[in-house]
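Data block below; observations after.
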Amino acid sequence: MNLKLLEYGYKFLQENKGMQKMFKDMEKLNKEMDIIKKHAKKINETKGKK
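Per the numbering used here, residue 32 is the first one in the sequence shown, and the count goes up by one each step.
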């Protein structure tokens, strides 16, 4: 097997792992944002009732 090809494949795998981690982090962030938005909505609703 070609050593350059092996090196390239390894580099690609490493970058891919980074991408997957980034996407997981983004998903986590989106979930947290949704929770914050829902919480803010509740706070605004209670303020409006007073």
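Backbone N, C-alpha and C define an ideal beta-carbon position, used for all residues, glycine too.
For residue j and residue i, the rounded distance between their alpha carbons
i   : j   : result
E82 : E38 : No answer is possible for residue 82: it lies beyond the span of the chain, which begins at 32 and ends at 81.
I53 : K42 : Reading off the sequence shown, one finds Met at residue 53, where the question assumed Ile. Going from the Cα of M53 to the Cα of K42 covers about 17 angstroms.
Q51 : A71 : 30 angstroms
N75 : G49 : 38 angstroms
E46 : T77 : 47 angstroms
Assigned secondary structure, residue i (DSSP; H/G/I helix, E/B strand, else coil)
i   : result
N33 : coil
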